[in-house]
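Asker: There's a structure below that I have some questions on.
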Amino acid sequence: VVGSHHRFSNTLVVFAMLSVAASATAYMPAVSQGRAVAGRTSSASMTESWQTKAQVVGLAAALALGSATQAQAGPFTRSEIASLTYEQVKGTGLANTCPTVEGGGKTSIKLNGKNKIDEFCLEPTTFQVLEDKLTKAGVVTEAVNTKVTTRQTYVLTGIEGDLISKDGKLTFIEKDGIDYAPTTVQLPGGERVPFLFTVKNLVAKADSSPSSIEPGLKLAGNFKVPSYRTGLFLDPKGRGTTTGYDQAIALPALQAGGDESLFNENNKKFDVLGGSIELKVTDVNEELGEIGGVFVHKQPSDTDLGSKAPKELLLKGNWFATVQ
Numbered sequence: 001v002v003g004s005h006h007r008f009s010n011t012l013v014v015f016a017m018l019s020v021a022a023s024a025t026a027y028m029p030a031v032s033q034g035r036a037v038a039g040r041t042s043s044a045s046m047t048e049s050w051q052t053k054a055q056v057v058g059l060a061a062a063l064a065l066g067s068a069t070q071a072q073a074g075p076f077t078r079s080e081i082a083s084l085t086y087e088q089v090k091g092t093g094l095a096n097t098c099p100t101v102e103g104g105g106k107t108s109i110k111l112n113g114k115n116k117i118d119e120f121c122l123e124p125t126t127f128q129v130l131e132d133k134l135t136k137a138g139v140v141t142e143a144v145n146t147k148v149t150t151r152q153t154y155v156l157t158g159i160e161g162d163l164i165s166k167d168g169k170l171t172f173i174e175k176d177g178i179d180y181a182p183t184t185v186q187l188p189g190g191e192r193v194p195f196l197f198t199v200k201n202l203v204a205k206a207d208s209s210p211s212s213i214e215p216g217l218k219l220a221g222n223f224k225v226p227s228y229r230t231g232l233f234l235d236p237k238g239r240g241t242t243t244g245y246d247q248a249i250a251l252p253a254l255q256a257g258g259d260e261s262l263f264n265e266n267n268k269k270f271d272v273l274g275g276s277i278e279l280k281v282t283d284v285n286e287e288l289g290e291i292g293g294v295f296v297h298k299q300p301s302d303t304d305l306g307s308k309a310p311k312e313l314l315l316k317g318n319w320f321a322t323v324q
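Counting in UniProt numbering, the sequence shown runs from 1 upward without gaps.
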């Protein structure tokens, strides 16, 4: 009986090894169709060890191994991503990445003053919270690194808008797309900071009105940050903006007065704040109409429907878009 048990265990091990090998071979043909994938130079660059894991145990297993750390950006072009099937992308995290600009083309795109931006994608690779710290020199603001606790659903993509010349400056006006994503990060002390990552109503301008888009071009502008919660949300005591109670039911003695300390908690409001972003073009492909680069993004966190002061968040990462 013992011998049969050992033979059965060995059979399970061999079967598991064959399954892993099959998952790797299922992905490899799709990668070979594209060009050699080059790592990014930013914090989201793919290391050689990561590539080795992807080749040995398949892309899905490699991404699973790296999911415990900061989110990794996938250095894949549009054509490489388009060559993958749904099953090859499912569960890997690739849907939460932005493409990279394909190399080989001319690095300048001519503008006619009435262009459009399509497939605009923003992929943050670092998340920091700006906090005031008391030092001997006084109060200073420092950027504290955080850990993303949200699932891989925080990349903004499919955004479109007009790229026009307005008031003598090249201007991008955001119109539509997946332009918001509820996200939560965790500070080193364990505090979690929810925020609505967004670029709603973004108007980004260059310093001038160039005749073409080339590496080095910079755009900067402001956008609106809607409330993290909507009107129908109820807090743990059943209070909301458009529905629910208007006081803390568990504290009936405060109903007759003296509830100043709970005024913001009881009187919910839908805050619309503001944020800013700076975009820099680092890669251009004229033939495919692709542009991409890096960005720095600053916005407030959730206010819990006006009951607490927001924190400032600083996000950095990569972006991609096509010019029509």
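All C-beta atoms, glycine included, are put in the ideal place defined by N, C-alpha and C.
1. Using 8 Å as the threshold, is the segment 226 to 242 in touch with the segment 192 to 204, meaning 3 or more CB pairs across them?
2. What distance in whole Å lies between the Cβ atoms of residue 314 and residue 128, which are believed to be in contact at a cut-off of 8 Å?
3. Looking at residue 280 and residue 306, is the spacing between their C-beta atoms short of 9 Å?
4. Just grab the DSSP bridge partners of residue 85 for me.
5. Taking only runs of the beta strand (DSSP E) that begin and end inside the segment 104 to 183, which ones reach a length of at least 3 residues, in chain order?
6. I'd like to know if the segment 139 to 147 and the segment 155 to 166 are in contact, where contact means that at least 3 CB-CB pairs between them fall below 8 Å.
7. Have a look at 235, 274 and 285 and flag the residue whose alpha-carbon is nearest the alpha-carbon of residue 104.
8. How would you write the range of the beta strand (DSSP E) that residue 290 sits in, first residue to last?
9. Alpha carbon to alpha carbon, how far is residue 177 from residue 223?
10. Which one of 174, 126 and 89 has the shortest CA to CA distance from residue 154?
11. Taking the C-alpha atoms as reference points, what is the distance between residue 240 and residue 262?
12. What residue range does the alpha helix (DSSP H) around residue 263 cover?
13. By the 10 Å Cβ neighbour count, where 16 or more other Cβ atoms means buried, how is residue 272 classified, buried or exposed?
14. Taking the alpha carbon of residue 179 as the point to measure from, which residue in 122, 296 and 260 has its own alpha carbon closest?
15. Can you tell me whether DSSP reads residue 192 as helix, strand or coil?
16. Which residue's Cα is closest to the Cα of residue 102: 150, 213, 124 and 79?
17. Using C-beta distances below 6 Å, list every residue in its chain close to residue 157, excluding the 5 sequence neighbours before and after it, in chain order.
Answerer: Looking at the coordinates:
1. Because the criterion of three Cβ pairs below 8 Å is met, the segment 226 to 242 and the segment 192 to 204 touch.
2. With 8 Å as the limit, residue 128 and residue 314 qualify as a contact, their Cβ atoms being about 4 Å apart.
3. No, the pair does not count as a contact, with Cβ atoms beyond the cut-off.
4. Answer is none; residue 85 lacks a bridge partner.
5. If you keep only unbroken beta strand (DSSP E) runs of at least 3 residues inside the segment 104 to 183, you get 114 to 135, 138 to 145, 156 to 166 and 169 to 178.
6. Flag = no, the segment 139 to 147 and the segment 155 to 166 do not touch.
7. Ranked by how close their Cα comes to the Cα of residue 104, the residues 235, 274 and 285 have 285 in first place.
8. Start and end: 290 to 300.
9. Their Cα atoms are separated by approximately 14 Å.
10. Residue 126 is the option with its Cα nearest to residue 154.
11. Linking residue 240 to residue 262 through their CA atoms gives a straight-line distance of about 14 Å.
12. Annotation for residue 263: the continuous alpha helix (DSSP H) segment containing it runs 263 to 266.
13. Exposed, because fewer than 16 other Cβ atoms sit within 10 Å of the Cβ of residue 272.
14. The candidate whose alpha carbon is nearest that of residue 179 is 122.
15. Reduced to three states, the DSSP call for residue 192 is strand.
16. Of the candidates 150, 213, 124 and 79, the one whose C-alpha sits nearest the C-alpha of residue 102 is 79.
17. So the list reads 121 and 178, once near-sequence residues are dropped.
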